[in-house]
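First the structure, in the form of structure tokens, and then the observations on it.
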Amino acid sequence: MALKEQLQQDLITSMKSKDEVTTGTIRLLKAAILRFETAGEKKIATDEDIIQMAGKEIKQRKDSIEQFEKGGRTELAEKEKLEMAVLEKYLPAQLSEEEVRAIVKEVIAATGATGKSDLGKVMGALMPRTKGKADGGMVNKIVQELLS
Numbered sequence: 531m532a533l534k535e536q537l538q539q540d541l542i543t544s545m546k547s548k549d550e551v552t553t554g555t556i557r558l559l560k561a562a563i564l565r566f567e568t569a570g571e572k573k574i575a576t577d578e579d580i581i582q583m584a585g586k587e588i589k590q591r592k593d594s595i596e597q598f599e600k601g602g603r604t605e606l607a608e609k610e611k612l613e614m615a616v617l618e619k620y621l622p623a624q625l626s627e628e629e630v631r632a633i634v635k636e637v638i639a640a641t642g643a644t645g646k647s648d649l650g651k652v653m654g655a656l657m658p659r660t661k662g663k664a665d666g667g668m669v670n671k672i673v674q675e676l677l678s
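So in the working numbering, spot 103 of the sequence shown is number 633, and the numbers just go up one at a time.
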């Protein structure tokens, strides 16, 4: 089943069960999909596009949680954490740090990278393999660590 159809079914289920957090979060993601599909030329959002949008929403939630915790607003941070948990259900299984490290070593060997000057070459070959499956910050940190 396509991710877009899964979102619609989950929205209906959450509305019937009166789960306000899930309903609101899915509606936000559906609104992002609608903006994507109607911006500029008309296009249909693929599962990959939806995963990318969900990842962007999760990143926003992480930033908000950090800010709310700094400001002592734990109730708002908790709400953001609940929304983030809903969004994470629509992402593919995330790679562990060990798995990312193994992929990075593979790409470094394949590209013949020797130092930090090859960072762009390694990241260019690596990102298609980890996109949506691993946090970009963690990937970047591992690449820099292994190239230094």
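A virtual CB, placed ideally from N, CA and C, is assigned to each residue, including glycine.
Backbone secondary structure at residue i - three-state DSSP
i    : result
K594 : First, the residue type needs correcting, since residue 594 is Ser and not Lys in the sequence shown. S594 falls in the helix class under three-state DSSP.
A575 : coil
S544 : helix
S647 : helix
Q582 : helix
Distance between beta carbons of residue j and residue i, contact taken as under 8 Å
i    : j    : result
L677 : G645 : 6 Å
I575 : I588 : What sits at residue 575 in the sequence shown is Ala, not Ile. Not a contact, Cβ separation roughly 17 Å.
CB contact flag (residue i, residue j, <9 Å)
i    : j    : result
A684 : L617 : Nothing in the structure corresponds to residue 684, since the chain is present only between 531 and 678.
Y620 : I672 : no
V669 : T660 : yes
I595 : E610 : yes
Residue i versus residue j: straight-line alpha-carbon distance, rounded
i    : j    : result
A640 : E578 : 26 Å
Q536 : R565 : 19 Å
Q624 : A632 : 14 Å
T553 : E627 : 32 Å
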